[in-house]
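K.L.:
Sharing a structure, written as structure tokens. Questions coming.
Numbering (mature numbering (1 follows the signal peptide of the UniProt record, and there is no 0)), first residue to last: -22 to -1, 1 to 73.
What follows is the structure, encoded as structure tokens:
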């Protein structure tokens, strides 16, 4: 999303060493004559880690993906009936 792209650019501005390391990895793996492709992802672990960290800071779905309780459950004294919709705030899980 545009927000994710903005956070990525801000991250690279705030952490120029991370930007330099990512660029070095891309240059070593991909070279200067083409753009990285999805096939290059397994060979770019540092770039993958940077992207995952940006997604951790500002997830695309901050309210998470809803789930459904498969059976009745008790959690910290709360009864959760089967079929209840459950969700978690992803932002609160990351900090």
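Ideal Cβ positions, reconstructed from N, Cα and C, are used throughout, including at glycine.
In the DSSP assignment, what are the bridge partners of residue 57?
P.N.:
52
K.L.:
By Cβ distance below 7 angstroms, which residues in the same chain neighbour residue 22 in space, the five residues on each side in sequence not counted?
P.N.:
The beta carbon of residue 22 is closer than 7 angstroms to those of 3, 4, 7, 14 in its chain, skipping five residues each way along the sequence.
K.L.:
Would you give the residue range spanned by the alpha helix (DSSP H) that residue 7 belongs to?
P.N.:
-7 to 7
K.L.:
Buried or exposed: residue 32, going by 16 or more other Cβ atoms within 10 Å of its Cβ?
P.N.:
buried
K.L.:
At which residues does the alpha helix (DSSP H) containing residue 26 begin and terminate?
P.N.:
23 to 35
K.L.:
Using only the alpha-carbon positions, how far apart do residue 65 and residue 10 sit?
P.N.:
44 angstroms
K.L.:
DSSP three-state label for residue -16, please.
P.N.:
helix
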